[in-house]
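Residue numbers (the numbering used here), protein chains in the order written: chain X, 493 to 825; chain S, 493 to 825.
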């Protein structure tokens, strides 16, 4: 079995250390954090690569939508740090059969979605590839008042929350795999949109970081069952979630999916997963603005590092299996 | 014939405009320039993508060397702005047959070369690809005293210079293509090193930017005959170069190459091309430190925008043909 992405990342993280005092956080979070000398704010930098057939399928989308999704994924990483998007670069490799029109529409999608969240395209690179499209984006944001939320700030007793609904994007992917990408059913349309054109939770991330309530945060890109252990590992804690509390996408059952399975293991929700001190979660919930995406309490952080439990029907407690997406052990599209 | 990379970039540059006042320079130079609010320095951001079979051949190098070259290419873009390297992210896609060892050695090369120039790895992304390795790096540097040199500052009458020697990397590529990658001849070793493990001209770039002598600058990545027109286009001028003045790699003739052709059209020299006001070039040459890579006067900028002339043997003046590397019309490796 190949080494997991987690393991390899950990290895690289331990192998290289940065010593520049302007660096507040290097490898190992959703994004790196820099404090440019004398700058009013911290600057946050994140990079993501999308490879055709692994991360997307060119037949299942149009270039404009692919551009929109590509930038959304990166802005979601900024949101997870509580940072406000500002700038990004994009490097794009396309095989010779991809027409200029495709490249331009891709950039149109990228820039229109970026602009919605205040991010400007500032540069990049165009390259050729032999067969598949490859997209690499680096996004840069600002942490207002230098308030950044890391993955590592959680403690036992903190209450775990997620924004929005989980599993909706995975339901959309299932529809695409089954050739139902043109379905007009409104629930299908919602799932397809969640998969093709997700919205990063920038407003929520900013509010959560500024509020001072949040101890740790990350975005959900590979599925809760993969990402929750990452948050807990960074914070040196365990967790217990209540499956019945998960904000599932119930309509997934229309297409023969178990909504709970999708909520736990489906990737690319790009919702925020975060924690609030147990003593403060009441005041937090009162303060959280109704205009932001809904939040749901899904569990608590626990003392035993790395022990991630799920409480299911009839109060049965089980270890949560990591069944989300791993670039090195899964095939997705 | 496919649209050239130049044309497509120009189209994208004109299509999208950024309005953030913290952005000093967006698409269209070697790197973008940001002034974070209150920051002491400007920050410079550049991205480059390298695709196997187009930009490199995995058989012709070892992962450590490929890592070294990948970061060097990006640092060269920072050097071209006069910026000092600080941080970078790397996104890497590898096919399943590439072992973890390869990935680690690639990162080792990246970080050891980055460290030589003061740049720390701060994050990135690991991904799978079906067949080819793809590398995407974003590097961030600081412009000390906010002194940045753009491509656009040149005027007619400015004297053109290059650092180092031109065509050495192209000679190395030729040796690799002909299966002579293990040659022990010392000139071959020099050419192979120039191709596999180039040094970005960071020290020279910094000095040139701080000196105040330089009106415009870029790095030579696609060959002088491709890059000089870019510098001139950005500055709205033409140029006339003297072929006999070019600092060619004369030993290329040992392998049946014309050193002048390599100097004009060979890519990946990663030397700096820059201009100095005609009235100041004497004092500039006196001030330029002997400890930095040698510089050579190769010509002047002229009034007629876009007219790039080469003066050859017997004082014959010809238009310089663009025969360097274009990602969209050439095949390199």
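Don't be surprised by glycine CBs; every beta carbon is placed ideally from N, CA and C. As the structure is a computational prediction, the values presented were derived from the model and not from experiment.
Neighbour flag for residue i against chain X, beta carbons, 8 angstroms
i                     : result
residue 543 (chain S) : yes
residue 637 (chain S) : no
residue 590 (chain S) : no
residue 500 (chain S) : yes
residue 510 (chain S) : yes
residue 497 (chain S) : yes
residue 493 (chain S) : Note that residue 493 (chain S) scores 41 on pLDDT, short of 50, meaning its location in the model is unreliable; the coordinates nonetheless yield the value given after this. By this cut-off, residue 493 (chain S) is not an interface position.
residue 519 (chain S) : yes
residue 535 (chain S) : yes
residue 587 (chain S) : no
residue 528 (chain S) : yes
Pairwise C-alpha distance: residue j and residue i
i                     : j                     : result
residue 552 (chain X) : residue 622 (chain X) : 20 angstroms
residue 643 (chain X) : residue 537 (chain X) : 15 angstroms
residue 702 (chain S) : residue 574 (chain S) : 8 angstroms
residue 591 (chain S) : residue 597 (chain S) : 10 angstroms
residue 665 (chain X) : residue 687 (chain X) : 6 angstroms
residue 579 (chain X) : residue 606 (chain X) : 9 angstroms
residue 806 (chain S) : residue 554 (chain S) : 45 angstroms
residue 501 (chain X) : residue 719 (chain X) : 14 angstroms
residue 816 (chain S) : residue 585 (chain X) : 19 angstroms
residue 800 (chain S) : residue 646 (chain S) : 14 angstroms
residue 789 (chain S) : residue 756 (chain S) : 15 angstroms
residue 827 (chain X) : residue 543 (chain X) : Here chain X comprises residues numbered 493 to 825, so residue 827 (chain X) is not present and cannot be evaluated.
residue 827 (chain X) : residue 594 (chain S) : Outside the displayed range of chain X (493 to 825) lies residue 827 (chain X), so it cannot be described from this structure.
residue 796 (chain X) : residue 700 (chain S) : 57 angstroms
residue 559 (chain S) : residue 763 (chain S) : 19 angstroms
residue 522 (chain X) : residue 711 (chain X) : 8 angstroms
residue 731 (chain X) : residue 798 (chain X) : 8 angstroms
residue 676 (chain S) : residue 550 (chain S) : 21 angstroms
residue 656 (chain X) : residue 739 (chain X) : 7 angstroms
residue 618 (chain X) : residue 648 (chain X) : 47 angstroms
residue 741 (chain S) : residue 724 (chain S) : 25 angstroms
residue 709 (chain S) : residue 546 (chain X) : 39 angstroms
CB contact check: residue i to chain S, cutoff 8 angstroms
i                     : result
residue 578 (chain X) : yes
residue 594 (chain X) : no
residue 642 (chain X) : no
residue 659 (chain X) : no
residue 621 (chain X) : yes
residue 583 (chain X) : yes
residue 721 (chain X) : no
residue 532 (chain X) : yes
residue 751 (chain X) : no
residue 523 (chain X) : yes
residue 565 (chain X) : no
residue 513 (chain X) : no
residue 504 (chain X) : yes
Residue i burial status per 10 Å Cβ neighbour count (16 or more: buried)
i                     : result
residue 565 (chain S) : buried
residue 783 (chain X) : exposed
residue 674 (chain S) : exposed
residue 540 (chain X) : buried
residue 693 (chain S) : buried
residue 650 (chain X) : buried
residue 773 (chain S) : buried
residue 736 (chain X) : exposed
residue 713 (chain X) : buried
residue 823 (chain X) : Any reading at residue 823 (chain X) needs caution, since the residue's pLDDT is 48, under 50, leaving its predicted position unreliable; the model's value is listed next. Exposed.
residue 808 (chain X) : exposed
residue 814 (chain X) : buried
residue 670 (chain S) : exposed
residue 589 (chain X) : exposed
residue 743 (chain X) : buried
residue 707 (chain S) : buried
residue 583 (chain X) : buried
Proximity test, residue i beta-carbon vs the ligand MN heavy atom, cut-off 7 angstroms
i                     : result
residue 698 (chain S) : Judged by which ligands are present, the structure shown has none, so any question about the ligand MN falls away.
Neighbour flag for residue i against chain B, beta carbons, 8 angstroms
i                     : result
residue 628 (chain S) : Included in the structure are the protein chains X and S, with no chain B among them.
**Study point:** chain S contacts from the segment 597-619 of chain X (Cβ-Cβ distance under 7 angstroms)
**Key:** 599, 603, 612, 613, 614, 615, 616, 617, 618 and 619
Exercise for review: Taking a Cβ distance cut-off of 9 angstroms, strictly less, list which residues of the segment 680-706 of chain S are near chain X, in chain order.
Suggested key: none
Exercise for review: Closer than 9 angstroms, Cβ to Cβ, to anything on chain S: give me those residues from the segment 537-562 of chain X, in chain order.
Suggested key: 537, 538, 539, 540, 541, 542, 543, 544, 545, 546 and 547
Practice item. Ignoring anything shorter than 3 residues or poking outside the segment 667-730 of chain X, list the beta strand (DSSP E) runs there in chain order. Key: 706-711
Practice item. Identify every run of the alpha helix (DSSP H) within the segment 530-614 of chain X, keeping only runs that are complete inside it and at least 4 residues long; order them along the chain. Key: 555-573 and 592-608
Check your understanding: What residue ranges within the segment 766-803 of chain X form continuous alpha helix (DSSP H) runs of no fewer than 4 residues, ordered along the chain?
Key -> 773-779
Check your understanding: Between the segment 765-783 of chain S and chain X, which residues of the former have a C-beta closer than 7 angstroms to a C-beta of the latter?
Key -> none
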